[in-house]
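Just below is one structure, and these are the notes that go with it.
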Amino acid sequence: MSEQVKVPEEEVVEARSPFSEAWEMFRRNHAAMAGLVVLILIVIAAIIGPPLYAVDPFEMVWAPFSPPGVDGFILGTDYLGRDLVAALLGGARVSLIIGLAAAFVTVAIGVTVGALAGFYLGWVEEVLMRITEFFQVLPTLLFSMVIVALFGASLPMITFAIGVVSWPPVARITRAEFLRIRELEYVTASRASGAKNFKLMFSVILPNALPPIIVQSALMVGSAILFEAGLSFLGLTDPNVVSWGQVIGSNRQYILDAPYTVTIPGLAIFVTVLAISLVGDGLNDALNPKLRQR
Amino acid sequence: MSEPLLKVENLRIELTTRDGIAPVIDNLSFELNAGENISFVGESGCGKSMTALGIMGLLPEKIGRIASGSITFDGEDLTAASEARLKEIRGNDISMIFQEPMTSLNPVYTVGEQIAEVLRRHQGLSAAQAWTKAIELLDAVRIPNPQARVSDYPFQMSGGQRQRVMIAIALACEPKILIADEPTTALDVTVQAQIFDLLRDLQAETGTAIMLITHDMGAVAEMSERMIVMYAGSKAEEGRVDEVIEHARHPYTKGLISCVPHIMQTLTEERHKLTEIEGIVPSLREFGRNNCLFAARCELVEDRCLSERPPENGFGKTQKAACWRAEEV
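Residue numbers (the working numbering), protein chains in the order written: chain A, 3 to 296; chain B, 190 to 518.
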């Protein structure tokens, strides 16, 4: 197949900030844009869904196992006769909040550890990297289950548990970027103009190390959502809020009788995580200078 | 005569290498007076940049250290100064510009932010004052349309412009000393001339002393009153530029001068053979030995050169050379 080579239109050589250049790259990536649109829809649904669809996801509103579309329940009811649409909308909030908050915790711990290790080197690096490796070899699911079981299944604790087990990759990426960037001339130039260590770390080196960290944290949101689903599937969830994993977990005994009760929240998780991954991938391409403007 | 602004005495800088500890700078002494312009010349690997980094207190961490000697700046010994004190001095009293303007600016900040940063750090200016001053500085380093260019990112500027920005950053706080480490090596000849012109004019305005590190003899002749020729971590020759160029007392200096290619008035069929100094700078392992380190490349070598390091001898008022046979050169 021969594609017609499109001659680029005469472009005005105009100064663009790195941000607008990255956005331009991102916009050309169809998969990433699709992911972004889906993600925005999910966020909108999570925000305006519950007030608009005023059904308590915990309330038994109808007979159990009413299939989707029957009796006016678009997605049907679960084993206790609770409305699945309400569960899905409520669960979207919890999933997104936990995903974002856990990614934030992950990045906060990971960047701090990685920055200190990559900047100070020597024994600081040794100690911090050994600690990172220690956390990396822990079985993550088991460790977070222990934390949640010990300190109680509340949303903040679940967020914390996910964050505490997921930060090592971020720390390692941050450290690697710091090791590379600290040797560059503009860092020496900043030193030569009298910049203090804190300044060098967080306002000279860190902004240049951000692209891979941003990508990693975007992907982190997706894996945190999966993680939360896994924990709540196992029953380690805040009983006062509805979440997608929890719906799957509580309906799992009836998986053969009413497959839709687990398929629908499962699909919701799948679509959300896929959308986030596509956005993360798009960011990777947009922020990676090597892939730019081939 | 009053105290020199910067006085380096018997400086020895050691680097830890795989083969052990090597003195990259060995027993170096020199003085720099306020407002003076001095050049450091020599091939790559002779310790010119190390001297500069040593003065700035920016030797490679964990690898380089000042083993002995002193660096006295304005009556204060920098080798004994705390890191916090050095941070006050850097960029404020002594600043530095680097070889690679393409990579010496932080790509994520506008040039204005980077100039303003130094002013806020050392002069305590407000953000708005610093920004105004940044525009003035860009104008001073002759960047056209400074009001607009101040919000440019480094990648929007050419190499010459970036070096001008580096000079603006370095001179923002009106330092007493500006160390220019091969500031024009990466630039076109025409731009080189502009940068040197700029440096000279700014020096005349501000009275900053310039320590120019270069391997371009032409630049030395253009810029400086005095020059120091470095070879393998030590001073080979020192003196007033005109005197040294007129009559070099060290075979190495002589070699360097004769290596400068000349533009011929008429092109003849056969080109002149370019002069070169045979051999290379000895490896770090050989630094600090008690012989003349240039002996292996020297035409005038004799037994004494291989067994004992030549002391520094004075010639005339200012010229000094470390060679056994300096009289004959």
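Glycine included, each C-beta is placed from N, C-alpha and C at the ideal position.
- Where E198 of chain B is concerned, the enclosing beta strand (DSSP E) starts and stops at 195 to 206.
- For the segment 178 to 191 of chain A, the residues whose beta carbon sits under 9 angstroms from a beta carbon of chain B are, in order, L186, E187, Y188, V189, T190, A191.
- Taking the beta carbon of T397 of chain B as reference, no residue of chain A falls within 9 angstroms; the closest one sits roughly 15 angstroms away.
- In its chain, beyond the 5 residues on either side, K237, H404, V418, M419, Y420 have a beta carbon closer than 7 angstroms to the beta carbon of G231 of chain B.
- Taking 7 angstroms as the cut-off, the beta carbon of F287 of chain B is found closer than this to the beta carbon of D370 of chain B.
- Taking a C-beta cut-off of 9 angstroms against chain B, the contacting residues of the segment 208 to 238 of chain A are P209, N210, L212, listed in chain order.
- No Cβ of chain A is located within less than 7 angstroms of the beta carbon of N502 of chain B.
- Unbroken beta strand (DSSP E) stretches of 3 residues or longer found wholly inside the segment 275 to 334 of chain B: 283 to 286, given in chain order.
- Excluding five sequence positions before and after A197 of chain A, the CB atoms of its chain that fall closer than 7 angstroms to its own CB belong to V206, given in chain order.
- Under the three-state reduction of DSSP output, T403 of chain B falls in the coil class, being neither helix nor strand.
- Following the DSSP letters along the chain, one finds V230 of chain B inside the beta strand (DSSP E) bounded by residues 226 to 230.
- For R429 of chain B, the enclosing beta strand (DSSP E) starts and ends at 423 to 429.
- Only buried fits T161 of chain A, as 16 or more other CB atoms lie within 10 angstroms of its CB.
- Taking one beta carbon from each stretch, the segment 222 to 236 of chain A and the segment 152 to 168 of chain A have 3 or more pairs nearer than 8 angstroms; the two touch.
- By the Cβ test, the segment 269 to 278 of chain A is in contact with the segment 86 to 100 of chain A, since at least three Cβ pairs between them sit closer than 8 angstroms.
- The beta-carbon of G120 of chain A is placed no less than 7 angstroms from the nearest beta-carbon of chain B.
- Its chain contains P59, A89, G92, G93 as the residues whose beta carbon lies nearer than 6 angstroms to that of V244 of chain A, once the 5 sequence neighbours on both sides are disregarded; these appear in chain order.
- In terms of CA proximity to T292 of chain B, B:Q345 leads the group B:Q345, B:A223, B:N480, B:H451.
- No Cβ-Cβ contact shorter than 7 angstroms links A241 of chain B with I399 of chain B.
- R493 of chain B and R184 of chain A have their C-alpha atoms roughly 46 angstroms apart.
- Taking all protein chains in view, the Cβ of W125 of chain A is surrounded by fewer than 16 other Cβ atoms within 10 Å, so the residue is classified as exposed.
- According to the DSSP assignment, Q345 of chain B belongs to no alpha helix (DSSP H), since it is labelled neither H nor E.
- A buried status is given to H439 of chain B, since no fewer than 16 other beta-carbon atoms sit within 10 Å of its beta-carbon.
- In the three-state DSSP reduction, P170 of chain A falls in the helix class (H, G or I).
- The C-beta of S22 of chain A comes no closer than 7 angstroms to any C-beta of chain B.
- Taking C-beta atoms as the reference points, F229 of chain B and V197 of chain B fail to come closer than 7 angstroms.
- With contacts defined as CB atoms closer than 7 angstroms, A117 of chain A and M222 of chain A fail to qualify as a contacting pair.
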